[in-house]
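Student:
Residue numbers (the working numbering): 6 to 372.
#1: At the level of alpha carbons, what is the spacing between residue 207 and residue 287?
#2: Give the secondary structure of residue 117 by DSSP, where H, G and I count as helix, E and B as strand, and everything else as coil.
#3: As a quick exercise: from 94, 60, 41 and 78, pick the residue whose alpha carbon is nearest that of residue 18.
#4: Taking a contact to mean a Cβ-Cβ separation below 8 Å, would you say residue 23 touches residue 96 in this structure?
#5: Would you tell me roughly how many angstroms separate the C-alpha atoms of residue 373 and residue 330, rounded to the nearest one?
#6: Quick one: give me the first and last residue of the beta strand (DSSP E) that residue 145 is part of.
#7: On the DSSP bridge list, what partners appear for residue 239?
#8: Our contact map puts residue 194 next to residue 229 with C-beta atoms below 8 Å; I'd like the distance itself, whole angstroms only.
#9: Mapping the DSSP letters down to three states, classify residue 164 as helix, strand or coil.
#10: Short check: CB of residue 1 to CB of residue 276, under 8 Å?
#11: In the DSSP assignment, find the unbroken alpha helix (DSSP H) run with residue 209 in it and report its ends.
#12: Ignore the nearest five residues each way along the sequence and tell me which others in residue 49's own chain have a CB closer than 7 Å to its CB.
#13: Alpha carbon to alpha carbon, how far is residue 169 from residue 188? Give it in angstroms, no decimals.
#14: What is the residue span of the beta strand (DSSP E) that residue 296 lies within?
#15: By the DSSP assignment, the alpha helix (DSSP H) with residue 132 in it spans what residues?
#16: In this structure, how does DSSP classify residue 353 when only helix, strand and coil are distinguished?
#17: CA-CA distance, residue 321 and residue 46?
#18: Mapping DSSP to helix, strand and coil, what is residue 2?
#19: Whole angstroms are fine: how far does the CA of residue 200 sit from the CA of residue 146?
#20: Could you check the C-alpha separation between residue 344 and residue 66 for me, to the nearest Å?
#21: Round the Cβ separation of residue 83 and residue 71 to the nearest angstrom and send it over; I've been treating them as touching at under 8 Å.
#22: Which class does residue 318 belong to by DSSP, given the choice of helix, strand or coil?
#23: Relative to the C-alpha of residue 297, which candidate in 224, 283, 91 and 328 has its C-alpha closest?
#24: Considering just the uninterrupted stretch of the alpha helix (DSSP H) at residue 272, what are its terminal residues?
#25: Less than 8 Å between the C-beta atoms of residue 294 and residue 348, yes or no?
#26: Reducing DSSP to helix, strand and coil, say where residue 360 ends up.
#27: Could you work out which residue in 39, 111, 183 and 44 is closest to residue 74 when comparing CA atoms only?
#28: Is any heavy atom of the ligand ATP found at a distance shorter than 7 Å from the C-beta of residue 323?
#29: Per DSSP, residue 74 forms a beta bridge with which residues?
#30: If you compare alpha carbons, which of 260, 184 and 159 is closest to residue 292?
#31: For residue 197, tell me which candidate among 341, 233 and 86 has the shortest Cα-Cα distance.
#32: Do you know whose CA, among 29, 261 and 177, lies nearest residue 57's CA?
#33: When we look at the beta-carbon of residue 53 and count the other beta-carbons within 10 Å, is it buried (16 or more) or exposed?
#34: Taking all protein chains shown into account, decide if residue 360 is buried (16 or more other Cβ within 10 angstroms of its Cβ) or exposed.
#35: Would you give the residue range spanned by the beta strand (DSSP E) that residue 222 belongs to?
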């Protein structure tokens, strides 16, 4: 299968379909790719097939037709959603088998996918061209490889995700004070996905943030039992033996949709979260994120901007649990041990928070 090398004599695509169903963090990281294509290929019509959850945040991107597809439905459903649409090219930006199967609903003669090093799950069965190979790096390097496959090399690191006034008003109703620190303590629930930091450690950071920086802390999360339980544990740890509520803490777990969460993050001074969607939402919102990384490599999945604020225990976790060094393990390999996140101490996070708060606001998200 050839790599796609732009031919100056070959016309640029007039109708281009991006295919990435999930997850929220990855979809946020693709927004600059969309903005780059819009800047460099202004006459190209862009359609993005994404998951329904992701579309609740990104479905109103300026200049993009979004097809919100329920990932639990099959190819036939998506084919009906697309109707008679035909595209000049498909950018299959997801390697999961389910995404590949669903992408068969997209009618396009040119189907561009990842290079062999990034491909898995039968990805090659659903494409006829590959992006140029490149050294291991951040996941966004692979996403921007699709731009290079179209002859676009300049990059536009721009997100400008629309935020409706209703979402801003809802934040006003839910949270009264500033400055804010948003904590999203839970990553997505997956098999052997040990990314969550102990709740009691978060409580220590909350105390420090309130005492030394005057930050009001907001807990966020979805509707899962795990997320509700985590928030309760953090609150209990803060209340202590006297069971006294903490005045600077607001628990919004299960009480925000993605647009409201984005508006909240946009207003925050800092976000603290493990390797999860809110880290990347924070960058898109222009807010620095203190990402907590031990089971995954932040050089691959960390925030695109402001990566210096990450607490990186991944090298220590690789050494302790895999008995290897980072340089000798496969790029992107995860440490699947439930004790790995405990290598991050509250003191490490407090140190990063103090450094961030001592840095001028306009310098916190510099690369």
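Yeah, the Cβ is synthetic: ideal placement off N, Cα and C, and Gly gets one too.
Tutor: Considering the structure as presented:
#1: For residue 207 and residue 287, the distance between alpha carbons rounds to 18 Å.
#2: Residue state, collapsed to three classes: strand.
#3: The option with the nearest alpha carbon to residue 18 is 94.
#4: In contact: residue 23 and residue 96 (Cβ atoms closer than 8 Å).
#5: There is simply no residue 373 to check, as the chain begins at 6 and stops at 372 in what is shown.
#6: Per DSSP, residue 145 belongs to no beta strand (DSSP E); it is in the alpha helix (DSSP H), 144–154.
#7: Paired residues: none, contrary to the question.
#8: Yes, they are in contact, since the Cβ atoms of residue 194 and residue 229 sit about 6 Å apart, within 8 Å.
#9: Here residue 164 sits in coil by DSSP.
#10: Shown here, the chain extends from 6 to 372; a query on residue 1 therefore has no answer.
#11: Unbroken alpha helix (DSSP H) run through residue 209: 204–218.
#12: Sequence-distant Cβ neighbours of residue 49 in its own chain, meaning closer than 7 Å and more than five residues away, are 17, 18, 19, 21 and 42.
#13: For residue 188 and residue 169, the distance between alpha carbons rounds to 23 Å.
#14: Boundaries of the beta strand (DSSP E) harbouring residue 296: 294–298, taken from the DSSP string.
#15: Taken as a continuous stretch (DSSP letters only), residue 132 belongs to no alpha helix (DSSP H), as it is neither H nor E.
#16: Residue 353: helix per DSSP, three-state reduction.
#17: Cα to Cα, residue 321 sits roughly 44 Å from residue 46.
#18: The structure shown has nothing for residue 2, since the chain only spans 6 to 372.
#19: One C-alpha to the other measures close to 23 Å.
#20: When rounded, the distance between both Cα atoms is 40 Å.
#21: Between residue 83 and residue 71, the beta carbon gap of about 13 Å keeps them out of contact (Cβ cut-off 8 Å).
#22: Shown here, residue 318 sits in coil according to DSSP, grouped into three states, outside any helix or strand.
#23: Closest by C-alpha distance to residue 297, out of 224, 283, 91 and 328, is 283.
#24: Residue range 263–272 is occupied by the alpha helix (DSSP H) that includes residue 272.
#25: Residue 348 is positioned such that its CB atom lies no closer than 8 Å to that of residue 294.
#26: Reduced to three states, the DSSP call for residue 360 is helix.
#27: With respect to the C-alpha of residue 74, the residue from 39, 111, 183 and 44 having the closest C-alpha is 111.
#28: You won't find the ligand ATP in this model; it holds no ligand whatsoever.
#29: For residue 74, the beta-bridge partners assigned by DSSP are 56.
#30: Closest by alpha carbon: 184.
#31: Nearest Cα to residue 197 within the set 341, 233 and 86: 341.
#32: If we check each option's Cα against that of residue 57, 29 comes out closest.
#33: With 16 or more Cβ atoms within 10 Å of its Cβ, residue 53 is classed as buried.
#34: Burial state of residue 360 is exposed, judged by a 10 Å Cβ sphere holding fewer than 16 other Cβ atoms.
#35: Note, residue 222: beta strand (DSSP E), 221–224.
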